[in-house]
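Trainee: Have a look at this one before I ask anything.
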Amino acid sequence: MEKKTVRLTLLGGVNEVGGNTILLEDYSYNVKIFIDFGLRIKKYYNEYERGQSPSSVDEILRTNLLPDENQIPINNLYTKEFREAEQNKETVQRNNTRHVDKDYPSNLDGILISHPHKDHYFGLSFVNRTIPIYTGVVTKRIIRAFCKSAKDSISNNFNGLNWQTFRTGDIIDIKGMKIVPFHVDHSVPGAYGFIIYSSAGPVVYTGDFRRHGPLSNMTEEFLNEIKTHGTILTKGETDKQQKDLISEGTKVLICDGTKIHKGIVESEQRVEENLEKLFANNPFDFILVKYDRIDWDRFRTFSLMAKKYGWKYIITEMD
1 MEKKTVRLTL LGGVNEVGGN TILLEDYSYN VKIFIDFGLR IKKYYNEYER GQSPSSVDEI
61 LRTNLLPDEN QIPINNLYTK EFREAEQNKE TVQRNNTRHV DKDYPSNLDG ILISHPHKDH
121 YFGLSFVNRT IPIYTGVVTK RIIRAFCKSA KDSISNNFNG LNWQTFRTGD IIDIKGMKIV
181 PFHVDHSVPG AYGFIIYSSA GPVVYTGDFR RHGPLSNMTE EFLNEIKTHG TILTKGETDK
241 QQKDLISEGT KVLICDGTKI HKGIVESEQR VEENLEKLFA NNPFDFILVK YDRIDWDRFR
301 TFSLMAKKYG WKYIITEMD
């Protein structure tokens with residue numbers, strides 16, 4: 001019987017939109033990592049009205065919005081700070097000195113974050129501050145900007161995290177296990193997929209991506225990287241066994257499937273064309289629009305349309 005060297009546990013994002021959280025354990029490298037760490041967003045907004053926030057980590061776990069650390073082989077996954085804040089009836093303020101020294105070391109070797117959408121990163125607020133958070137440079141900037149522009153709460157508290165940033169072309173090395181982050185096109189800037197060179201062979205995580213956007217060439221480059229493994233073969237130190245595993249091809253593909261059944265996805269250009277008709281025939285003095293505030297393409301579409309027709313484009317500073 002072949003010995004199992006790698007275990008994948010999908011703890012969220014299965015048969016649901018949001019909550020993308022995947023635990024990868026590689027027994028040969030003695031590595032445990034999470035791939036994304038998002039809240040179950042739909043369930044979150046069902047539990048809490050707008051402006052409300054959970055009062056503690058324990059409350060988050062009771063409502064099943066994040067993985068229960070008692071059900072997985074990870075020690076000290078969550079920060080102690082918010083549990084103590086609840087016990088002492090303290091108010092958590094973003095500008096307070098963080099109690100990072102109170103978090104015990106964890107056996108989790110890191111968390112990979114693919115892009116800055118809440119269903120992929122929002123659980124980081126509750127994470128043990130000693131755990132390395134691997135994410136793209138732009139993703140970190142967007143998360144920090146979001147934190148500053150939203151209401152103070154324990155679910156919006158990302159200071160003190162152990163950030164480890166990367167760019168396309170970098171190779172992440174965790175105890176000898178190599179990970180290649182590679183850019184993809186998405187509605188938010190700074191999105192990545194990952195090729196994880198596990199002891200069982202390459203594990204590919206696409207994150208959220210698209211092939212119909214203005215930067216679709218980035219997605220095509222990622223697909224080519226999956227086929228050729230150019231970055232790891234030219235920049236990484238690979239032995240014969242690793243090269244043999246690479247030559248066998250992708251062992252596991254974990255792919256975003258939110259719209260995979262639709263076949264056709266409307267492009268941003270089509271949105272622009274429909275807006276053009278709306279603006280051309282609009283009898284009113286103003287138009288109200290709503291969209292995800294970090295959907296950069298939609299922001300760009302609305303702002304360019306307003307400029308073209310001489311309208312003022314007014315946005316709120318905070319949610």
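Mapped onto full-length UniProt numbering, the consecutive letters of the sequence shown carry residue numbers 1 to 319.
Here a beta-carbon is modelled for each residue, glycine too, at the ideal position from N, C-alpha and C.
Please read these numbers as outputs of a predicted model, since none were measured by experiment.
In this structure, how does DSSP classify asparagine 76 when only helix, strand and coil are distinguished?
Mentor: Numbered from 1 along the sequence shown, position 76 holds the residue referred to as residue 76. In the structure shown, asparagine 76 sits in coil (DSSP, three-state: anything other than H, G, I, E or B).
Trainee: So, is tyrosine 121 buried or exposed, given that buried needs 16 or more other C-beta atoms within 10 angstroms?
Mentor: Counting from one through the sequence shown, the residue named residue 121 turns up at place 121. Buried is the call here.
Trainee: Please go through the same chain and pick out, in chain order, the residues whose beta-carbon is closer than 6 Å to the beta-carbon of valine 204, but skip the five residues on each side of it.
Mentor: By 1-based counting over the sequence shown, the position of residue 204 is 204. Result list for valine 204: Ile195, Ile226, Thr250, Leu253, in chain order.
Trainee: Compare the Cα-Cα distances from serine 55 to each of Thr231, Thr135, Asn156 and report the closest residue.
Mentor: In the sequence shown, counting from the first residue as 1, residue 55 sits at position 55. Of the listed residues, the one whose Cα sits closest to serine 55 is Asn156.
Trainee: Could you tell me the boundaries of the beta strand (DSSP E) in which tyrosine 192 lies?
Mentor: Sequence index remark: in the sequence shown, residue 192 carries index 192 (1-based). 192-198 is the span of the beta strand (DSSP E), which, as asked, contains tyrosine 192.
Trainee: Among residues of its own chain, excluding the 5 on either side of serine 53, which ones have a beta-carbon nearer than 8 Å to its beta-carbon?
Mentor: Along the sequence shown, one-based indexing puts residue 53 at 53. Same-chain partners within the cutoff: Lys151, Ser153, Ile154, Ser155, Asn156.
Trainee: Quick check: the Cα distance between serine 199 and aspartate 26, rounded to an integer number of angstroms?
Mentor: Within the sequence shown, the letter at position 199 stands for residue 199. Within the sequence shown, the letter at position 26 stands for residue 26. Distance between the alpha carbons of serine 199 and aspartate 26: 7 Å.
Trainee: Does the beta-carbon distance from residue 324 to arginine 129 come in below 8 Å?
Mentor: Given that the chain is displayed from residue 1 to residue 319, the structure contains no residue 324 and the question cannot be resolved.
Trainee: Cβ of aspartate 119 within 8 Å of Cβ of leucine 39?
Mentor: Here residue 119 corresponds to residue number 119 of the sequence shown, with the count starting at 1. Here residue 39 corresponds to residue number 39 of the sequence shown, with the count starting at 1. Yes.
Trainee: Quick check: the segment 137-152 against the segment 181-195, are there 3 or more CB pairs under 8 Å?
Mentor: Because the criterion of three Cβ pairs below 8 Å is met, the segment 137-152 and the segment 181-195 touch.
Trainee: DSSP state of tryptophan 163, grouped into three classes?
Mentor: For the purposes of this step, residue 163 is taken as the residue at position 163 of the sequence shown. Strand at tryptophan 163.
Trainee: Which one or two residues does DSSP pair with methionine 177 in a beta bridge?
Mentor: Start at 1 with the first residue of the sequence shown, and residue 177 comes out as number 177. Methionine 177 pairs with Ile174.
Trainee: Where does isoleucine 315 fall in DSSP's three states?
Mentor: In the sequence shown, the residue the question calls residue 315 occupies position 315. Coil.
Trainee: Residues in its own chain within less than 6 Å of lysine 308 by CB, not counting five upstream and five downstream?
Mentor: Residue 308 sits at position 308 when you count from the first residue of the sequence shown. None.
Trainee: Determine the extent of the beta strand (DSSP E) in which lysine 32 is found, giving its start and end residues.
Mentor: Taking the first residue of the sequence shown as 1, we reach residue 32 at position 32. Looking at the DSSP string, the run of the beta strand (DSSP E) that includes lysine 32 is 31-37.
Trainee: Quick check on glycine 310: buried or exposed, where buried means 16 or more other Cβ atoms within 10 Å of its Cβ?
Mentor: As a working mapping, residue 310 is identified with position 310 in the sequence shown. Exposed: under 16 other Cβ atoms inside 10 Å.
Trainee: Who are the near neighbours of leucine 288 in its chain, counting only those whose CB is closer than 8 Å to its CB and skipping five residues on each side?
Mentor: Taking the first residue of the sequence shown as position 1, residue 288 is located at position 288. Around leucine 288: no qualifying Cβ.
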